[in-house]
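Shown next, in structure tokens, is the structure this report addresses.
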Amino acid sequence: MSSINESPVITRFAPSPTGSLHLGNARTALFSHLWARKSGGKFILRIEDTDLTRSQDRFRDELISDMLWLGLEWDEGPDVGGPAGPYCQAQRGEFYRSLYQQLSARDLAYPCFCTAEQLELSRKLQRMAGKPPRYAGTCRGLTAAQRAEREARGLKPTLRFAVPGDQMIEFTDAVHGLQQFASNDIGDFIIRREDGTPAFFFCNAVDDSAMGVTQVLRGDDHLTNTPRQIMLLQALGMPIPAYGHVGLLTGEDGAPLSKRHGSTSVQEFRERGFLSIAVLNQLFRLGHAGDVDGWLAAAEMPRHFRPQHLGRAPARFEVSQLMHWQKVSLERLSQEDFRAWLAADDSPEFIDLVRHNVVLPEDAAAWRAVVQGELAPLGAEERRLIDAAGAGFFADATLAYEQSKGDLKVLTQFLKERTGRKGPDLFMPLRVALTGLAHGPELAQLLRLMPPETARRRLKIHA
RNA sequence: GCUCCCUUCGUCUAGAGGCCUAGGACACGGCCCUCUCAAGGCUGUAACACGGGUUCGAAUCCCGUAGGGAGCGCCA
Numbered sequence: 000m001s002s003i004n005e006s007p008v009i010t011r012f013a014p015s016p017t018g019s020l021h022l023g024n025a026r027t028a029l030f031s032h033l034w035a036r037k038s039g040g041k042f043i044l045r046i047e048d049t050d051l052t053r054s055q056d057r058f059r060d061e062l063i064s065d066m067l068w069l070g071l072e073w074d075e076g077p078d079v080g081g082p083a084g085p086y087c088q089a090q091r092g093e094f095y096r097s098l099y100q101q102l103s104a105r106d107l108a109y110p111c112f113c114t115a116e117q118l119e120l121s122r123k124l125q126r127m128a129g130k131p132p133r134y135a136g137t138c139r140g141l142t143a144a145q146r147a148e149r150e151a152r153g154l155k156p157t158l159r160f161a162v163p164g165d166q167m168i169e170f171t172d173a174v175h176g177l178q179q180f181a182s183n184d185i186g187d188f189i190i191r192r193e194d195g196t197p198a199f200f201f202c203n204a205v206d207d208s209a210m211g212v213t214q215v216l217r218g219d220d221h222l223t224n225t226p227r228q229i230m231l232l233q234a235l236g237m238p239i240p241a242y243g244h245v246g247l248l249t250g251e252d253g254a255p256l257s258k259r260h261g262s263t264s265v266q267e268f269r270e271r272g273f274l275s276i277a278v279l280n281q282l283f284r285l286g287h288a289g290d291v292d293g294w295l296a297a298a299e300m301p302r303h304f305r306p307q308h309l310g311r312a313p314a315r316f317e318v319s320q321l322m323h324w325q326k327v328s329l330e331r332l333s334q335e336d337f338r339a340w341l342a343a344d345d346s347p348e349f350i351d352l353v354r355h356n357v358v359l360p361e362d363a364a365a366w367r368a369v370v371q372g373e374l375a376p377l378g379a380e381e382r383r384l385i386d387a388a389g390a391g392f393f394a395d396a397t398l399a400y401e402q403s404k405g406d407l408k409v410l411t412q413f414l415k416e417r418t419g420r421k422g423p424d425l426f427m428p429l430r431v432a433l434t435g436l437a438h439g440p441e442l443a444q445l446l447r448l449m450p451p452e453t454a455r456r457r458l459k460i461h462a
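Numbers 0 to 462, taken from numbering that gives the first Met the number 0, label the letters of the first sequence in order.
Following this line, the structure appears as structure tokens:
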């Protein structure tokens, strides 16, 4: 399946369990997954649960369940294990400690005793002076005695990486091409927090490397952070993966997708009844151009995925496009699967009748109510059609219904002779009276499924 | 403020100097089909942010401008 000149690519998805999986993350997960599958490589799931206060088990479970729902199975991960485990960062403390030691021993990292308040003040001052708010290097030159003295006072240090000066860091981004950054623009950054937990820049980079990831795919927001991670890996003498930064996904308001957008978590689409294959088809095309235009089955996606066609510009997520893929995906469902998707006890007749007028389960519920429940209040167009037909028409229609025994053909034949109406003038008022709507599935069958009492009442009420 | 990134129809995108009178998909409009809607068929509206270069020739290369975005966090 992999093309001749492409070697196996090892990718990963590394979410932090601090919230729901939203579409943006799901998309990078999808791309990473597809890239690995396309090349015959591996896809790794790693949980970045270093923020003890914000990480929650229920988010991790939800995340895993969302990934599985989307069909993005991983070859290595917290549940299935693998050669580079464990796959939760909270359990990798020992590994991190050995690296901290290595760095500290070679003076490539140093303890910093500055307090959060001091740092904030310093940043503020720099900003006011029109300078980039970088760490001033206050603790970099501390002597062993000074460090000991501070620790004796009970101060808990963070550990900072000593960024080498006067370097150019270059890398070829898989989507942006050649990137260059000056190390002098980068301040010494924290790699271990005061409480001893590892900071993102550090554990994220070091784990990618240690887990054998060859291609990191992530959002654009990490592009300018990449040189830090490269310097870190260089200092440690660890392999440096290739990086690729895809344009962010934005909501319909054009602002980057975030937890604020609310209705963009995978969970919510799932609950509203969207098919995972519909979501997949939509995400496949956001910031990416495959080599086909039409709907794709999940199994086809790796073949049609084109890493060279990952987008640099932000992509906007529009529900109307998801709706389209939902419709197409629904059409592909067998009656059995469709029924399972509805998760209701509908008759096969009802399902066949209503299928093509349903995009979400709530639509089916509406038709269910038309057949066996109460009608929703009439809309403006519906009202107009009823009024145009007039009370006399419905008096005749009521009569016709009694003659017809529920057979629409007989009913309309009778009504046509009696009123002289035909075509839409004849059918539309009937449809609206009977269903409450100016559009919908076959009226004849709708009528057949309807209890006679209901039909009678709905016609009579307008007479 | 500094560094970096981005900019083709309303939206998602194709386009890697001539194949572009800029293609496709979604959405929208029209027509056909049809008792309605959907589906299907045909069809229409609609874009290279702007300004300068380079070139016989630029959506494609270079430089500016404008507008968006990101990073500079003991958040990831």
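Glycine included, C-beta positions come from ideal geometry on N, C-alpha and C.
Three-state class that DSSP yields for residue i in the structure shown
i: S182; result: helix
i: A144; result: helix
i: R455; result: helix
i: E299; result: helix
i: P14; result: coil
i: I168; result: strand
i: F201; result: helix
i: K404; result: coil
i: R382; result: helix
i: H461; result: coil
i: Q157; result: According to the sequence as given, residue 157 is Thr; it is not Gln. Reduced to three states, the DSSP call for T157 is strand.
i: R191; result: strand
i: K41; result: strand
i: G419; result: coil
i: G176; result: strand
i: H438; result: coil
Alpha carbon of residue i to alpha carbon of residue j, nearest angstrom
i: Y109; j: R53; result: 27 angstroms
i: V174; j: R305; result: 11 angstroms
i: R367; j: H438; result: 15 angstroms
i: Y400; j: L407; result: 8 angstroms
i: P156; j: Q320; result: 51 angstroms
i: A143; j: C113; result: 16 angstroms
i: A342; j: P440; result: 20 angstroms
i: Q228; j: F170; result: 11 angstroms
i: S264; j: P360; result: 19 angstroms
i: S19; j: G250; result: 16 angstroms
i: P16; j: D48; result: 6 angstroms
i: F188; j: R159; result: 5 angstroms
i: T137; j: C111; result: 8 angstroms
i: E72; j: F42; result: 8 angstroms
i: D472; j: R269; result: This structure cannot settle anything about residue 472, because the visible part of the chain is limited to 0 through 462.
i: R474; j: L98; result: Residue 474 cannot be examined here, being either before or after the span of the chain that is shown, 0 to 462.
i: M0; j: M300; result: A caution first: M0 carries a pLDDT of 38, below 50, which makes its placement in the model unreliable, though a value can still be read off. Taking the straight line joining both Cα atoms gives about 12 angstroms.
i: L222; j: L232; result: 16 angstroms
i: D220; j: E193; result: 25 angstroms
i: S38; j: E330; result: 31 angstroms
Proximal residues to residue i (C-beta, below 7 angstroms), its chain only, five neighbours per side dropped
i: Q325; result: F273, L274, A277 and V358
i: G129; result: none
i: M322; result: V358
Contact under 8 angstroms by Cβ, residue i with residue j
i: D466; j: L414; result: Residue 466 lies beyond the range of the chain shown here (0 to 462); nothing can be said about it.
i: H21; j: L256; result: yes
i: L247; j: P313; result: yes
i: G243; j: D172; result: yes
i: L107; j: A204; result: no
i: S31; j: R11; result: yes
i: R133; j: A161; result: no
i: P226; j: F180; result: yes
i: A209; j: A365; result: no
i: R430; j: L442; result: yes
i: L446; j: L433; result: yes
i: G23; j: G218; result: yes
i: P240; j: Q88; result: no
i: W34; j: Q307; result: no
i: G435; j: L352; result: no
Residues near residue i in its chain [Cβ-Cβ closer than 8 angstroms; skip 5 each side]
i: N280; result: W294, L295, W324, V327 and S328
i: S182; result: V162, P163, G164, D165, Q166, M167, I168, P226 and M230
Own chain, CB closer than 6 angstroms to residue i, minus 5 neighbours either side, in chain order
i: G76; result: L44 and Y86
i: G40; result: P7, V8 and I9
i: R149; result: F112
i: L177; result: T171
i: L309; result: V174, V245 and H287
3 or more residues per run - each beta strand (DSSP E) lying fully within the region 206 to 284:
214 to 218 and 241 to 245
In chain order, each beta strand (DSSP E) run of at least 3 residues that lies wholly inside the region 63 to 141
108 to 111
Mind pulling the beta strand (DSSP E) runs of 3 or more residues that sit fully within the region 283 to 362?
none
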